[in-house]
Amino acid sequence: MPPSFLACANGFSIDGGEGRAQKGWVNATALRDKLADWFLACGRDLPWRGTRDPYAVLVSEMMLQQTQVAAVVPYFVRWMQRFPTVAKLAAAGEEEVLGAWAGLGYYARARSLHRAAKLVLEQHGGGIPGEREAVEALPGVGRYTAGAVLSFAFDQPVAAVDANIARVLARLFNVRMAVDSARGQARIWSLAEDLLPGDGGRLHNSALMELGALVCLPRQPRCEECPVRAHCAAPDPQKLPIKKPRRKVVEMEENCVWDFNRRGVMLELQEGRRWKGMWKLPMLERRGAGAPVLEDEYPFTHHRVKLRVYAQRCAGGGGARRISLARLAVLPMVAAHGRAVHRLLSVAGRGGGGRGAAAEALRGAATV
Ligand code: SF4
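Printed below as a string of structure tokens:
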């Protein structure tokens, strides 16, 4: 049986909403019920919420990691049309998979999903398993994603703590430790597990997550509209959750070559772990001669990268190859480099010589 009352931060006074609460305790049963009622009335109709297909849930969860819901929706719909089953995804080539992920960022997730599909086909006959251990053994699947698949697809009472839920719980229970520390994480997960209903996790986890997305917002929580306000222990919600100090942003430089002719653009296939299988403009070890033809900046983990592109001949070698414009349209590219190529081709197109087709060919090109 799930507990009916949960302890929140020491000595904080809570109104349980049912006249049963004590000082420092939250009425979990009433909280769960109000949350569920609110979600049924106000939850958004997202494409992955209409399915219990574990594969579709896994795809949506992988896409949603570090990416906004609005950005994911069209990708999810297209992905499910292109790879509607585990078997279809497992049979696809890596370039096709990376191309379909293009623009979502963090390509490691697409590769993990691809590997997971192959593994599910080999070891589970094409059906995503419904046991925690087996789901967590899939590439790219951690505690949160496993919890999401088990609760959303299999309706198991399993916790799934993402950033939204962590924020909601930290406020509801006035958690006074950094939620991204090991101790803070343990506390939040333990609260999430205690708050689970006895059976069915789908509605409960969806509701908690949606509360974080729509009401218990990071900077300006809408407490006056909150369905569980009476159960909330946060004395000053905007100051929660507490987080560890941010890492300092490190400045970096990338100097690249722009070498374009009627046979195409010189690009370089990446081999390192992070960008494996992706394409970038060929790198220079130092700044090129003269002024760059393009400058841009982009964030990368805790780095800020200054990208400079110089028009000069690329000697080739390594992973550098000339890529035809037709192929560019389906090539998975690192986002900032894809943008740079797009802009430079547009400029080349304006210069005439039939190169307007260049920009056209690249429209919608695969980038990360
Ligand atoms: S009352 Fe405010 S801080 Fe508390 S859960 Fe609701 S929105 Fe979040």
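Residues in the sequence shown are numbered consecutively from 0, following numbering that gives the first Met the number 0. Backbone N, C-alpha and C fix where the C-beta goes; we use that ideal spot for every residue, glycine too.
Asked                                                                                                         : Found
At least three beta-carbon pairs within less than 8 angstroms, the region 220 to 236 to the region 247 to 256 : no
Residue from Gly125, Thr50, Ala133 whose Cα sits closest to the Cα of Ala90                                   : Gly125
Cβ distance (whole Å) where Glu267 is taken to contact Ala319 below 8 angstroms                               : 5 angstroms
Spatial distance of Asn26 from Gly211 (CA atoms)                                                              : 19 angstroms
Extent of the continuous beta strand (DSSP E) to which Asp295 belongs                                         : 293 to 299
Sub-8 angstroms separation of Val333 and Tyr309 beta-carbons                                                  : no
Val385 beta carbon near the ligand SF4 (any heavy atom closer than 7 angstroms)                               : Coverage of the chain is limited to positions 0 through 367, which leaves residue 385 absent and any answer about it impossible.
Residues that DSSP places opposite Cys255 in a beta bridge                                                    : Met282, Val308
Thr144 versus Glu121, Ala115, Gln122, Leu120, residue with shortest Cα-Cα distance                            : Ala115
Burial state of Asp258, where buried means 16 or more other Cβ atoms lie within 10 Å                          : buried
Assumed close pair Leu97, Tyr106 - CB separation to whole angstroms, cut-off 8 angstroms                      : 6 angstroms
Buried/exposed call for Asn260, threshold 16 Cβ in 10 Å                                                       : exposed
Three-state secondary structure assigned by DSSP to Asn260                                                    : strand
Exposure label - Val58; buried when at least 16 CB within 10 Å                                                : buried
Short Cβ contact (8 angstroms threshold) for Ala152 with Arg51                                                : yes
Same chain only: Cβ atoms within 6 angstroms of Ser111, ignoring 5 sequence neighbours per side               : Pro138, Gly139
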